[in-house]
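Number of protein chains: 2
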Amino acid sequence: MARAATTADAFNAVAEPRRRQILDVLSGGERPVNDLVALLGVAQPLVSKHLRVLREVGLVDVRGEGRQRMYCVNSRPLKPIHDWVKSYEQSWSERFDHLDVVLEELKETEDDDDQ
Amino acid sequence: MARAATTADAFNAVAEPRRRQILDVLSGGERPVNDLVALLGVAQPLVSKHLRVLREVGLVDVRGEGRQRMYCVNSRPLKPIHDWVKSYEQSWSERFDHLDVVLEELKETEDDDDQ
DNA sequence: TTGACATATGTCCATATCGGTATATGATTA
DNA sequence: TAATCATATACCGATATGGACATATGTCAA
Chain A
2 MARAATTADA
12 FNAVAEPRRR
22 QILDVLSGGE
32 RPVNDLVALL
42 GVAQPLVSKH
52 LRVLREVGLV
62 DVRGEGRQRM
72 YCVNSRPLKP
82 IHDWVKSYEQ
92 SWSERFDHLD
102 VVLEELKETE
112 DDDDQ
Chain B
2 MARAATTADA
12 FNAVAEPRRR
22 QILDVLSGGE
32 RPVNDLVALL
42 GVAQPLVSKH
52 LRVLREVGLV
62 DVRGEGRQRM
72 YCVNSRPLKP
82 IHDWVKSYEQ
92 SWSERFDHLD
102 VVLEELKETE
112 DDDDQ
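As structure tokens, this is what we get:
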């Protein structure tokens, strides 16, 4: 087998930075493709391809408006990502970060022993 | 260019389900490689390679213990994912979900008009 | 040292990616 | 109808993947 398709799920679709950018722009409201092309400074066919991936995993919806196609975000497929990542959240919370700092300092103190 | 390397960042590393599984197991505590091999039922070289990817993005730390290598989670690289996804959280919250339901019902009512 | 165990690395294959360029489809206007 | 604008698709290249397999490295015990 090879790497999972980008259209396999939101995890894969969103791993590409450009697609996150697109979602970030669309989170400000519905946009036609050419807006994204201008805002991201990317070739139009590439934008269309990224939009296709996002559509296939349900992260964007389309609506025809004249000769334009208006895209908007549908963030529900992001929920599994949120849910999975959330269970790790406490680990980097302030309390634990502080503990890390303390441990780091301890280690450095040990390292300094041989000076 | 091709797809970004799996070791490019946590987004890419974590897009692979098997690697999330590994992190999920390790979140229960430090484990040697063979534990993961047994628990996931995957070939050992494959586990080692996944662990390498996770290590390269800083999601796991290793510690030598005799002839074993103990792996544990370091979830800090997940924070960017959490932060990015979090900004979309409200969209799927109850309130909005309810709104979706209402709109869905409205649409179905319209569709039923021709009965 | 030899052997056994734990883990890592190397090679191979099939596959699909992102990006670029060219072209097709589709809707609107003259 | 023809020309134009907006978007989608097709094809190509370079690249790296996950998995299977074989083998190297490294640590300990007899």
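As they're listed, the protein sequences go chains A and B. Counting with the working numbering, you get residues 2 to 116 for the letters of the first sequence. Counting with the working numbering, you get residues 2 to 116 for the letters of the second sequence. Backbone N, C-alpha and C fix where the C-beta goes; we use that ideal spot for every residue, glycine too.
> What does a CB cutoff of less than 7 angstroms around Cys73 (chain A) pick up in its chain, not counting 5 residues either side in sequence?
Replying inline: Stepping through the first sequence from its first residue, residue 73 (chain A) is reached at position 72. Result list for Cys73 (chain A): Leu27, Glu31, Val61, Asp62, in chain order.
As assigned by DSSP and simplified to three states, the class of Arg4 (chain B): As a first step, residue 4 (chain B) must be located in the second sequence, where it is residue number 3. Arg4 (chain B) falls in the coil class under three-state DSSP.
Report task. Kindly say whether His83 (chain B), judged by its beta-carbon, lies nearer than 8 angstroms to any beta-carbon of chain A. Result -> Sequence index remark: in the second sequence, residue 83 (chain B) carries index 82 (1-based). His83 (chain B) counts as touching chain A.
Might you give, ordered along the chain, the residues of its own chain that have their beta carbon closer than 8 angstroms to the beta carbon of Met2 (chain B), omitting 5 neighbours on each side? Position 1 of the second sequence, counted from the start, is the residue given in the question as residue 2 (chain B). Around Met2 (chain B): no qualifying Cβ.
Would you verify that the beta carbon of Ala6 (chain B) is, or is not, closer than 8 angstroms to some beta carbon of chain A?
As a working note, residue 6 (chain B) is residue 5 in the second sequence. Chain A contact via Cβ: absent.
Check: Once you ignore the five residues that flank Leu41 (chain B) on each side, which residues in its own chain have a CB closer than 8 angstroms to its CB?
Finding: As a working mapping, residue 41 (chain B) is identified with position 40 in the second sequence. Here the set comprises Arg19, Gln22, Ile23, Val26, Val48.
In terms of alpha-carbon separation, which member of A:Val43, A:Ala44, A:Leu52 lies closest to Ala14 (chain A)? Position 13 of the first sequence, counting from 1, holds the residue named residue 14 (chain A). Cα-wise, what sits closest to Ala14 (chain A) is A:Leu52.
query = Roughly how many angstroms separate the alpha carbons of Arg4 (chain B) and Ala11 (chain B), rounded to a whole number?
reply = Reading the second sequence from its first residue, position 3 is the one you call residue 4 (chain B). Reading the second sequence from its first residue, position 10 is the one you call residue 11 (chain B). Whole-angstrom Cα-Cα distance: 15 angstroms.
Check your understanding: Got a sec: does the ligand NAP put a non-hydrogen atom nearer than 7 angstroms to the Cβ of Leu52 (chain B)?
Key -> Looking at this structure, you won't find the ligand NAP or any other ligand, since it has none at all.
Q: Compute the Euclidean distance between the alpha carbons of Glu17 (chain B) and Arg64 (chain A), then round it to the nearest angstrom.
A: Numbered from 1 along the second sequence, position 16 holds the residue referred to as residue 17 (chain B). Numbered from 1 along the first sequence, position 63 holds the residue referred to as residue 64 (chain A). Each residue's alpha carbon lies about 32 angstroms from the other.
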